[in-house]
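Peer 1: Listed in order, the protein sequences are those of chains A and B.
Per the working numbering: the first sequence = residues 1 to 308.
Per the working numbering: the second sequence = residues 1001 to 1243.
Sharing a structure, written as structure tokens. Questions coming.
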Amino acid sequence: MIEVSHLSKHYGDFIAVEDLSFKLVPGEILGFLGPNGAGKSTTMKMLTGYLRPTSGEVRIWGNDVWSETLAAQSHIGYLPEGAPAYEEMTPLGFLKFIAKARGLSGEARDQAVSKAAATMSLEGVLHQKIETLSKGFKRRVGMAQAILHDPDVLILDEPTDGLDPNQKHEVRQMIKGLSEEKIVIVSTHILEEVTAVCNRVMVLAGGSIVSDGAPEALLALSRHHGAVTLELPDISDALVSSLDSIEGVSALEREDDRVTLIPGEGITDFFARVMSFVREQDVQVNAAFVEQGRLEDVFRKLTEGETQ
Amino acid sequence: MNISVVLKRELAGYFATPVAYVFIFIFLVLAGVFTFYVGNFFERQQADLVPFFSFHPWLYLFLIPAISMRLWSEERKSGTLELLMTLPLSRWDIVLGKFLAAWLFAGMALLLTFPIWITVNFLGEPDNGVIFASYLGSWLMAGGFLAIGSCMSALTRSQVVAFVLCGFVTLMFVMAGFPLVLDVVRGWLPLSVVDMVASLSFLTHFNAISRGVLSLNDFLYFVSMILAWLAATSIVLDVKKGG
Ligand SMILES: Nc1ncnc2c1ncn2[C@@H]1O[C@H](COP(=O)(O)OP(=O)(O)OP(=O)(O)O)[C@@H](O)[C@H]1O
Ligand SMILES: [Mg+2]
């Protein structure tokens, strides 16, 4: 359980994070979204006890991060931004160090290290100095050190940045596969990642929460939510304008042989309407589907004007 | 227990890069040069290591900042400080662990000057008790230098700035006991202040040590110096946590 109340961070006059309050319960996988400089990393640094908040408090399983720091920190696995690691060490030495610092020893330590290394597919590079590893492998070493002690709370700052598609998939699977008793906070700039792994999304802009809810709720804010996209083999201007005149269509977007029809407000049977028009007019259609909504739309709408 | 985890990693870190070997090499060369050429070791015709030890404050003045500058600056710059400070390790585990690693490393460099000790034993019959006390005292003094350096390194993410700051502050502490400086100060400050300045100096406390007298007073001076500067390091780290 994580309780954040009225958390703020100011640098002089500059407000990096302003009055954040939220609660997370086990099972929640929170996606942190927001433009560059929104305060995602700053918030994570305060949650993990690295940065002192200007005001407000954070409790991790009841432990106040500032007065019971060690107790709070022992619940957390943390991948800081940029996945820092002791570059002169090998991943094996590094992971062993982290395990020892986490209070693991002997058999338990070796098991934790090899399990984390296996999860992040690090077996091939265990004895190579970290400074000579590629960016993606460095990130994986950072991930391995965060999950090593099987933490209750996993805080990951852009975990998939720089990973190849296979590893991105692996990391997402790993996060989704975590047990129901864990809490995960991931920040990312990859929007589809949020719909793929998170069950809650928080959008930050200018240091404040501008949206907080299920990914589906966020998608529903998209103008494309409920829109119908058609793939038309014999697309023509005449056809496009006749589609535009279907009753209930408020806007139409055309891209190559695809046309997206956006419903007006309060229309519930939009797909049926479009399809009956297609049938009546005998329009050739290769594919037709209803859009869930596009996160880019929502993201832009929520954070527009907030970016400096 | 946690101290040793930090200590071992840190100490291994010295030897994972050429830093350690370069440092030890330069330290030994300079110690030799000072002792045999500048200190006229042979011409003195005395079986002791006074010329060797009396140069240590000056040797440490620019070699210790080279060790201590990386203590915190490097970690701050590379971001590993964030990693370290979010592990369930107490502040003292980290501050002491890192300091002890640096101090042990300095101790190793010091021990590797043993050929000088062999030489003097080969040439004459020195009082080895005196030499042992001097070694211990020199190591204590190195600890004082390192603790100051640790604090300076915690102040900045730039190793160069940390080096210069540490060099400057330790120079102050050495010079405070230098007769030239004391004479100048004596002209316009009350005697009690002059005595206090002198009593804070590394040189004042080390002079006796280099002659083999390790008094409780000097011992306590260096130990409290170390503890005070480590406490300052911890405070600096804490203040910096506020961003
Ligand atoms: N030490 C500091 N002094 C002054 N401003 C700072 C400091 N650290 C961070 N900031 C500012 O705080 C704001 C939030 O930064 P933060 O790193 O949390 O953003 P972010 O959401 O993680 O962005 P990104 O997506 O680029 O990682 C930024 O405008 C940054 O410039
Ligand atoms: Mg960030």
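All C-beta atoms in this analysis are idealised placements derived from N, C-alpha and C, irrespective of residue type, glycine included.
A quick note: this is a predicted structure, and the numbers were derived from the prediction, not measured.
Here's the rule I'm using: 16 or more other beta-carbon atoms within 10 Å means buried, otherwise exposed. How should V1174 of chain B be labelled?
Peer 2: When all chains shown are included, V1174 of chain B counts as buried.
Peer 1: Label G1129 of chain B either buried or exposed according to how many other C-beta atoms from any shown protein chain fall within 10 Å of its C-beta, with 16 as the threshold for buried.
Peer 2: Under this definition G1129 of chain B is an exposed residue.
Peer 1: Please identify the residue among A:L154, A:P91, A:S121, A:V125 whose C-alpha is closest to the C-alpha of M1 of chain A.
Peer 2: Nearest C-alpha to M1 of chain A: A:L154.
Peer 1: Between which residues of its own chain and S250 of chain A is the CB-CB distance below 7 Å, once the five residues before and five after are set aside?
Peer 2: These residues qualify, in order along the chain: I262, P263, G264.
Peer 1: Run the CB neighbour count on D13 of chain A, radius 10 Å, all protein chains shown included, and call it buried at 16 or more, exposed below.
Peer 2: D13 of chain A should be labelled exposed.
Peer 1: Strictly below 9 Å CB to CB, what residues from chain B border T48 of chain A?
Peer 2: Per Cβ cutoff of 9 Å: E1082, M1085, T1086.
Peer 1: So what does DSSP say about L1100 of chain B, is it helix, strand or coil?
Peer 2: Of the three classes helix, strand and coil, the one that applies to L1100 of chain B here is helix, per DSSP.
Peer 1: How long is the line joining the alpha carbons of A1176 of chain B and G1143 of chain B, rounded to whole angstroms?
Peer 2: If I take the Cα positions, the gap works out to 18 Å.
Peer 1: K135 of chain A: beta carbon under 8 Å from a heavy atom of ligand 2?
Peer 2: Checking every heavy atom of ligand 2 against the Cβ of K135 of chain A, none is found closer than 8 Å.
Peer 1: Taking C-beta pairs closer than 8 Å, name the residues in chain A that V1005 of chain B reaches, listed in chain order.
Peer 2: Result: F97, K100, A101.
Peer 1: Can you tell which of A:G82, A:L122, A:E68 has its C-alpha closest to the C-alpha of R59 of chain A?
Peer 2: Selected option, being the one with the closest Cα: A:E68.
Peer 1: Near ligand 2, which residues have their beta-carbon closer than 7 Å to a heavy atom?
Peer 2: Working through the chain, the matches are A:K40, A:S41, A:E81, A:D157, A:E158, A:S187.
Peer 1: In chain order, which continuous runs of the alpha helix (DSSP H) of length 4 or greater are located wholly inside the region 125-163 of chain A?
Peer 2: DSSP runs (the alpha helix (DSSP H)) wholly in the region 125-163 of chain A: 135-147.
Peer 1: Check each residue of the region 1227-1241 of chain B: if its Cβ is closer than 7 Å to any Cβ of chain A, include it; give the result in chain order.
Peer 2: Of all residues in the region 1227-1241 of chain B, K1241 have a Cβ within less than 7 Å of some Cβ in chain A.
Peer 1: At least one CB of chain B closer than 9 Å to the CB of I76 of chain A: is that the case?
Peer 2: I76 of chain A counts as touching chain B.
Peer 1: Could you tell me which chain B residues have their CB closer than 7 Å to the CB of L70 of chain A, listed as they occur along the chain?
Peer 2: Ordered by position in chain B, the residues that pass the 7 Å Cβ test against L70 of chain A are P1088, S1090.
Peer 1: Which of helix, strand or coil does DSSP assign to A288 of chain A?
Peer 2: Strand at A288 of chain A.
Peer 1: Could you check whether the Cβ of V210 of chain A sits closer than 8 Å to any heavy atom belonging to ligand 1?
Peer 2: Not so, every heavy atom of ligand 1 lies at least 8 Å from the Cβ.
Peer 1: In whole angstroms, give me the CA-to-CA distance for T1170 of chain B and G162 of chain A.
Peer 2: Cα to Cα, the separation comes out at about 44 Å.
Peer 1: Does the beta carbon of A1012 of chain B come closer than 9 Å to any beta carbon on chain A?
Peer 2: At least one chain A Cβ lies under 9 Å of A1012 of chain B.
Peer 1: Quick check on DSSP: helix, strand or coil for M1 of chain A?
Peer 2: In this structure, M1 of chain A counts as coil in the three-state DSSP scheme.
Peer 1: Please compile the residues from chain B whose C-beta is within a distance smaller than 8 Å of the C-beta of A85 of chain A.
Peer 2: Under the 8 Å cutoff, chain B gives T1080, L1083.
Peer 1: Tell me, which residues are paired with S55 of chain A by DSSP?
Peer 2: In DSSP, S55 of chain A forms a bridge with A:S8.
Peer 1: Name, please, each residue of chain B whose Cβ falls closer than 8 Å to the Cβ of P159 of chain A.
Peer 2: Result: empty, since nearest Cβ-Cβ is about 15 Å, beyond 8 Å.
Peer 1: Would you say Y1014 of chain B touches ligand 1, meaning its beta carbon is less than 8 Å from a heavy atom?
Peer 2: No, since every heavy atom of ligand 1 falls outside the 8 Å radius drawn around the Cβ of Y1014 of chain B.
Peer 1: If the cut is a Cβ gap below 9 Å, which residues of chain D does T1156 of chain B touch?
Peer 2: The chain labelled as chain D is not found among the protein chains of the depicted structure, namely A and B.
Peer 1: Shorter than 8 Å, the distance from the beta carbon of A71 of chain A to the closest heavy atom of ligand 4, or not?
Peer 2: This structure does not include ligand 4; its bound ligands are ligand 1 and ligand 2.
Peer 1: Looking at the structure shown, is L1237 of chain B part of a helix, part of a strand, or coil, going by DSSP?
Peer 2: The answer is helix: DSSP assigns L1237 of chain B an H, G or I state.
Peer 1: Could you pull the DSSP bridge partners for T260 of chain A from this structure?
Peer 2: According to DSSP, T260 of chain A bridges with A:T229, A:E253.
Peer 1: Whole alpha helix (DSSP H) runs in the region 1019-1096 of chain B with 4 or more residues, listed along the chain?
Peer 2: Qualifying alpha helix (DSSP H) stretches, in chain order: 1019-1033, 1050-1054, 1056-1068, 1070-1078, 1080-1085.
Peer 1: Report the residues of the region 113-141 of chain A with a CB closer than 7 Å to any CB of chain B, ordered along the chain.
Peer 2: Listed by position, the residues of the region 113-141 of chain A near chain B (Cβ gap below 7 Å) amount to none.
Peer 1: Rounded to whole angstroms, how far is the Cβ of P53 of chain A from the Cβ of S8 of chain A, which I believe are closer than 8 Å?
Peer 2: Right, the Cβ-Cβ distance comes to about 6 Å (below 8 Å), so this counts as a contact.
Peer 1: Express the C-alpha separation of V1019 of chain B and L1030 of chain B in angstroms, rounding to a whole number.
Peer 2: Going by the C-alpha atoms only, they are around 16 Å apart.
Peer 1: By the DSSP assignment, the beta strand (DSSP E) with E18 of chain A in it spans what residues?
Peer 2: Segment 14-24, the beta strand (DSSP E) holding E18 of chain A.
Peer 1: Can you confirm whether T43 of chain A, when its beta carbon is compared against all beta carbons of chain B, has any partner nearer than 9 Å?
Peer 2: So, not an interface residue.
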